[in-house]
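Trainee:
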Ligand SMILES: [Zn+2]
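Below is the structure:
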């Protein structure tokens, strides 16, 4: 028996298509289907774990409030000695297993691939869309490509990562609030127009 | 709305934080008697003035913080990491 087909946590709203105002400069919203593993290192374990991650992925553990990128892979600082490791979806549990296999006993490895979901928001007006509900200052003088912050938007705790200068943001959120958050995002984007793209 | 200057994240709105109680109480030794544990759990001084409190940055870095807050004016004077030695200023 094969496993049942995995459903999107974003629900029916995530159907690709155009929303909100026509014309203008629409933003795009794309579900990113990824594996997410949270790692939390004991104080003494942080330096050796950083070397292990570097060897295994080529990525350096980013400092506080930063994210590091390598192709489609991303590591995001979320708390002191704590990061989210994000890669395009692979075999169920494989990323967590690989990390747990090399991380050592003083690093907690928790698979969040079903617990969290990621939306990519991109476009010239993406900052305005997000700023309506985001208390963190997103102005380029304060928040740049590679910046990361965990905060609340629409009462939902999300981690905002700026991916490029368009600007493009990856929004990492709890999967059980994914549908509610997408509704908020579509409302916020309505005045600019918004293109929901097929998941990647 | 309080603004709390998290030592990890910078200034954030109170809505991102949870209040976690009096940061001045000390846990009795493991062999302490029932009265000592009763006092640890329930007895509070409820000061009018400066108070050292635990707050947790729940919707941010999730760290526990020591916050010095004035219970009358709600002014926040100090926000420190959990391990820092923080004392309430005299009134
Ligand atoms: Zn914080």
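Chains as they are written, first to last, in our numbering: chain A, 1 to 200; chain B, 201 to 291. Where is the CB? At the ideal position from N, CA and C, for every residue including glycine.
Where in the segment 59 to 110 of chain A do unbroken runs of the beta strand (DSSP E), each at least 3 residues long, occur, reported from the N-terminal end onward?
Mentor: The qualifying runs are 67 to 70, 73 to 79, 82 to 88.
Trainee: If you draw a straight line from the alpha carbon of residue 225 of chain B to that of residue 20 of chain A, how long is it in whole angstroms?
Mentor: Cα to Cα, the separation comes out at about 54 angstroms.
Trainee: Can you pull every residue whose C-beta falls closer than 7 angstroms to some heavy atom of ligand 1, listed in chain order?
Mentor: My final list is B:206, B:208, B:209, B:212, B:257, B:260, B:261, B:263.
Trainee: Can you give me the C-alpha to C-alpha distance between residue 275 of chain B and residue 84 of chain A, rounded to a whole angstrom?
Mentor: Approximately 35 angstroms, taken between the alpha carbons.
Trainee: For residue 263 of chain B, would you say it is in contact with chain A, using Cβ-to-Cβ distances shorter than 8 angstroms as the test?
Mentor: Closer than 8 angstroms: yes.
Trainee: First and last residue of the beta strand (DSSP E) that includes residue 119 of chain A?
Mentor: 116 to 122 is the span of the beta strand (DSSP E), which, as asked, contains residue 119 of chain A.
Trainee: Using 8 angstroms as the threshold, is the C-beta distance between residue 185 of chain A and residue 138 of chain A below it?
Mentor: The answer is no: Cβ separation not under 8 angstroms.
Trainee: Assuming residue 116 of chain A and residue 173 of chain A make a contact with CB atoms under 8 angstroms, what is their CB distance in whole Å?
Mentor: Going by Cβ atoms, the distance from residue 116 of chain A to residue 173 of chain A rounds to 7 angstroms, so yes, they are a contact pair.
Trainee: By the DSSP assignment, the alpha helix (DSSP H) with residue 185 of chain A in it spans what residues?
Mentor: That run of the alpha helix (DSSP H) goes 178 to 189.
Trainee: Smallest Cα separation from residue 193 of chain A: which of A:22, A:12, A:154?
Mentor: Nearest of A:22, A:12, A:154 to residue 193 of chain A, Cα basis: A:22.
Trainee: For residue 167 of chain A, count neighbouring Cβ atoms within 10 angstroms of its own Cβ and tell me buried if that reaches 16, exposed if not.
Mentor: The residue in question, residue 167 of chain A, is buried, as its Cβ has 16 or more Cβ neighbours within 10 Å.
Trainee: Could you tell me whether any Cβ in chain A is nearer than 8 angstroms to the Cβ of residue 284 of chain B?
Mentor: Not an interface residue.
Trainee: Starting from residue 147 of chain A, follow its DSSP beta bridges and name the residues at the other end.
Mentor: Bridge partners of residue 147 of chain A: A:66.
Trainee: Just to confirm before moving on: does the CB-CB distance between residue 279 of chain B and residue 205 of chain B stay below 8 angstroms?
Mentor: It is a contact, given that the beta carbons lie within the stated cut-off.
Trainee: Which first and last residues belong to the beta strand (DSSP E) in which residue 32 of chain A is found?
Mentor: Its beta strand (DSSP E) spans residues 27 to 32.
Trainee: Considering only the beta carbon of each residue, do residue 289 of chain B and residue 271 of chain B sit closer than 8 angstroms?
Mentor: Not a contact, by the Cβ cut-off of 8 angstroms.
Trainee: Decide if residue 123 of chain A is buried, meaning its Cβ has at least 16 other Cβ atoms within 10 Å, or exposed.
Mentor: Result: buried.
Trainee: Listed in chain order, which residues of the segment 148 to 161 of chain A have Cβ atoms closer than 8 angstroms to some Cβ of chain B?
Mentor: The segment 148 to 161 of chain A vs chain B, Cβ under 8 angstroms: 149, 150, 151, 152, 157.
Trainee: Which residues, taken in chain order from the segment 127 to 142 of chain A, show a beta carbon closer than 7 angstroms to some beta carbon of chain B?
Mentor: Correct list: 135.
Trainee: Could you confirm whether any beta carbon from chain B is found closer than 8 angstroms to the beta carbon of residue 79 of chain A?
Mentor: Chain B, which has a Cβ nearer than 8 angstroms to the Cβ of residue 79 of chain A, makes this yes.
Trainee: Is the shortest distance between the beta-carbon of residue 64 of chain A and the beta-carbons of chain B less than 8 angstroms?
Mentor: Yes, residue 64 of chain A lies at the interface with chain B (some Cβ there is under 8 angstroms from its Cβ).
Trainee: List the DSSP bridge partners of residue 41 of chain A.
Mentor: In the DSSP output, where bridge partners are listed per residue, residue 41 of chain A has A:107.
Trainee: Just list the residues that DSSP pairs residue 216 of chain B with in beta bridges.
Mentor: None, per the DSSP bridge assignment.
Trainee: Pick out whichever of A:25, A:32, A:134 has its Cα sitting closest to the Cα of residue 148 of chain A.
Mentor: Of A:25, A:32, A:134, the residue nearest in Cα terms is A:134.
Trainee: Taking the DSSP output, what are the residues bridged to residue 279 of chain B?
Mentor: DSSP output for residue 279 of chain B lists B:267 as bridge partner(s).
Trainee: Only counting the same chain, and skipping five residues up and downstream in sequence, which positions put a Cβ closer than 8 angstroms to that of residue 215 of chain B?
Mentor: Cβ neighbours of residue 215 of chain B beyond the five flanking positions: 201, 259.
Trainee: For the beta strand (DSSP E) containing residue 48 of chain A, name the first residue and the last one.
Mentor: Here residue 48 of chain A belongs to no beta strand (DSSP E); instead the alpha helix (DSSP H) covers 46 to 57.
Trainee: Below 8 angstroms on the Cβ atoms is my contact criterion, and I expect residue 87 of chain A with residue 99 of chain A to pass it. Report the Cβ-Cβ distance as a whole number of Å.
Mentor: Not a contact, Cβ separation roughly 10 angstroms.
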